[in-house]
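Peer 1: Numbering (our numbering), first residue to last: 5 to 262. Just so it is clear, CB atoms sit at the ideal spot from N, CA and C, and this is done for glycine as well. Since the structure is predicted, the reported quantities are computational estimates derived from the model, not experimental observations.
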Amino acid sequence: MATVLHVPAFEDNYIWLVVGGKMNSAVVVDPGDEGPVIEALERHRLTPVAILCTHHHNDHVGGVAGLLERYPLPVYGPAAESIPHCQHSLRDGDHVDIPALSLQLSVLDIPGHTRGHIAYSGHGLLFCGDTLFSAGCGRLFEGTPAQMFASLMRLVALPEDTAVYCGHEYTAANLRFAAVVEPDNRDVRVHQQTVQQLRARGQPTLPSTLALEKRINPFLRTSVPSVRQAAERHTGRTLETALEVFTVIRRWKDDFRG
Ligand code: ZN
Ligand code: FE
């Protein structure tokens, strides 16, 4: 079965390489920069077979053109966004078939961070770009809180052991916010230790799992009384629904300097 390699880019981006098959084939997910991808492909002697993009931001697509100058690759991306050189425009429910890796991924529409953001899921893997982060979620640049909330609920409905591959290494900062929202959440404290050790060794904190995210991610815990109460204290009014709680903590996080 496929394995997934991480390629760090810029300050805190991850470009993911899904690797497998007889030819050591690689699918490149969200290549914001071609340089580190080419370097990783050569170092591991991999043959790239496709590029998958989750959304149009430059730190996720900026390396597409440079990769195509070297390798003839099909480019997949959301139909609702403009992705450079995209030949396969994807909508919710579509499938991406990568025969070289015997890989079939399903496409989920998950708007919120951007209007057309998509995720790829299958074989226990989830590539969710800037929608779900470990212990956090993406900022609402184009979508509404209701859209983002619905998108996160869709992702969290996938099997609990799904490995979550996010677009950025934001986990430590997200956990600092999570610990303010839920000071009594022991899973947050324990995971802070793990993350600190991983980062001290220069290792990624990803992939996460949906099981872990359900325990530590305040944006997935908006129905938990302690999270609702923290949001109510922050905003100074009573909150009736999980969406209202989500809306408050998303705005709270925007202004949070941990
Ligand atoms: Zn983005
Ligand atoms: Fe990003």
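1. What did DSSP end up calling I66 once you bin it into helix, strand or coil?
2. Less than 8 Å between the C-beta atoms of Y18 and L210, yes or no?
3. For T118, is the classification buried or exposed, using 16 other Cβ atoms within 10 angstroms of its Cβ as the cut-off for buried?
4. What are the residues that DSSP puts in a beta bridge with I19?
5. Judging by CA-CA distance, which residue of A150, R47, E73 and E248 is the nearest neighbour of S227?
6. List the endpoints of the continuous alpha helix (DSSP H) containing I114.
7. Mapping DSSP to helix, strand and coil, what is S125?
8. So if I measure from each beta-carbon to every heavy atom of the ligand ZN and keep distances below 5 Å, which residues remain?
9. To the nearest angstrom, how far is the alpha carbon of D191 from that of L179?
10. If you drop the 5 nearest sequence neighbours on each side, which residues of the same chain put their C-beta closer than 6 Å to that of G120?
11. Grab the span of the beta strand (DSSP E) containing P149 for me, first residue to last.
12. Which one or two residues does DSSP pair with D170 in a beta bridge?
13. Measure how close the beta-carbons of P52 and V32 come, nearest whole angstrom, since I'm counting them as under 8 Å.
14. Since F131 contacts L56 with CB under 8 Å, what's their CB separation in whole angstroms?
15. Beta carbon of H172: closer than 7 Å to some heavy atom of the ligand FE?
16. Under DSSP, the beta strand (DSSP E) around H99 begins and ends at which residues?
17. Among residues of its own chain, excluding the 5 on either side of A246, which ones have a beta-carbon nearer than 6 Å to its beta-carbon?
18. Counting Cβ pairs, one atom from each stretch, are 3 or more of them under 8 Å apart for the region 212-226 and the region 190-204?
19. In this structure, does DSSP put Q91 in helix, strand or coil?
20. Given L214, which residues of its chain have a CB within under 8 Å of its CB, disregarding the five upstream and five downstream residues?
21. Quick check: what's the CA-CA separation for E146 versus T7?
Peer 2: Reading off the structure:
1. The sequence shown places Gly at residue 66, not Ile. If DSSP states are grouped into helix, strand and coil, G66 belongs with coil.
2. yes
3. buried
4. V11
5. E248
6. Per DSSP, I114 belongs to no alpha helix (DSSP H) and is neither H nor E.
7. strand
8. H61 and D134
9. 10 Å
10. P82, A84 and E85
11. Segment P149 to V160 is the alpha helix (DSSP H) holding P149; no beta strand (DSSP E) there.
12. The sequence given here has Cys at residue 170, not Asp. For C170, which the question treats as bridged, DSSP gives the partners G133.
13. 6 Å
14. 7 Å
15. yes
16. H99 to I102
17. T226 and S227
18. yes
19. coil
20. L130, L159, V160, L162, P163, E164, D165, T166 and V168
21. 33 Å
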